[in-house]
Each structure stands twice: as structure tokens, then as C-alpha cells.
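A quick write-up on the structure given underneath.
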Amino acid sequence: MNFYKVMFAFGEHIKVIRAKNRFEAVGYYLMDVMKYGDIHDLVVEEMEPTEKIEWECIGFPTYKTLEEIYKEKETIWSDDTPCVVVSLEN
Numbered sequence: 002m003n004f005y006k007v008m009f010a011f012g013e014h015i016k017v018i019r020a021k022n023r024f025e026a027v028g029y030y031l032m033d034v035m036k037y038g039d040i041h042d043l044v045v046e047e048m049e050p051t052e053k054i055e056w057e058c059i060g061f062p063t064y065k066t067l068e069e070i071y072k073e074k075e076t077i078w079s080d081d082t083p084c085v086v087v088s089l090e091n
């Protein structure tokens, strides 16, 4: 399972999804954001589990890795089910 950053071409509705491959990530992304319109112009980037994401910023930014964020989430699915790890702001 890998992490994929999926978004529309203009950087809208950015989500990091943990999936087996980029095709599964895109399918899961489209199920999640289908209410927003067109499905073309998607951008998919593979991310490293050690990549740091700004988690909160109260005075100074706090960062967490994708793996840390994923492990903190309560998942009711098996380990090989795709899921949204985090939504990002542009």
C-alpha cells in the first residue's frame, strides 16, 4: 500500500489516499468527491510515507509524517482497503 496525493488540476479538493496503486486511489477519490463535477484533469502523485505534512499551526507549525497520521486514524477496514488519510488545503 502506498500514499497518493490526488487532486483536480487546479489544486482543488486535495486528498492523500492510501491505496494499492494509482488507479485504485483515483477510483476512491472519485467516489469521495463526485459531487464536485467533472472527472477529467485529475493529478496523481505518489508520496513517501515519511513525507511530512503541516498538521497544525498555532504560533508555529507542527508536522507529522503520512505514516503517523495513518496510524492515528481509527480504521474499521482491513489493512488493504483504500482510505483517505488526510485532506489538504491549497
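Counting from 2, one number per residue, gives the positions in the sequence shown under my numbering.
All C-beta atoms, glycine included, are put in the ideal place defined by N, C-alpha and C.
Being a predicted model, the structure only gives us computed values, none of them experimental.
query                                                                                                         : result
Applying the 10 Å Cβ sphere with the 16-neighbour rule, what's the burial state of F4?                        : buried
What are the boundary residues of the beta strand (DSSP E) that E1 is part of?                                : Outside the displayed span of the chain (2 to 91) sits residue 1, for which this structure offers no information.
Under 8 Å: do the region 23 to 37 and the region 55 to 64 share three or more Cβ pairs, one atom per stretch? : no
Find the nearest neighbour of M8 within the set M2, E55, V45, judged by alpha-carbon distance.                : V45
If I follow the unbroken alpha helix (DSSP H) through A10, where does it start and stop?                      : Careful: A10 lies outside any alpha helix (DSSP H) and carries neither H nor E.
Taking the straight line between their C-alpha atoms, what separation do you get for D33 and D81?             : 18 Å
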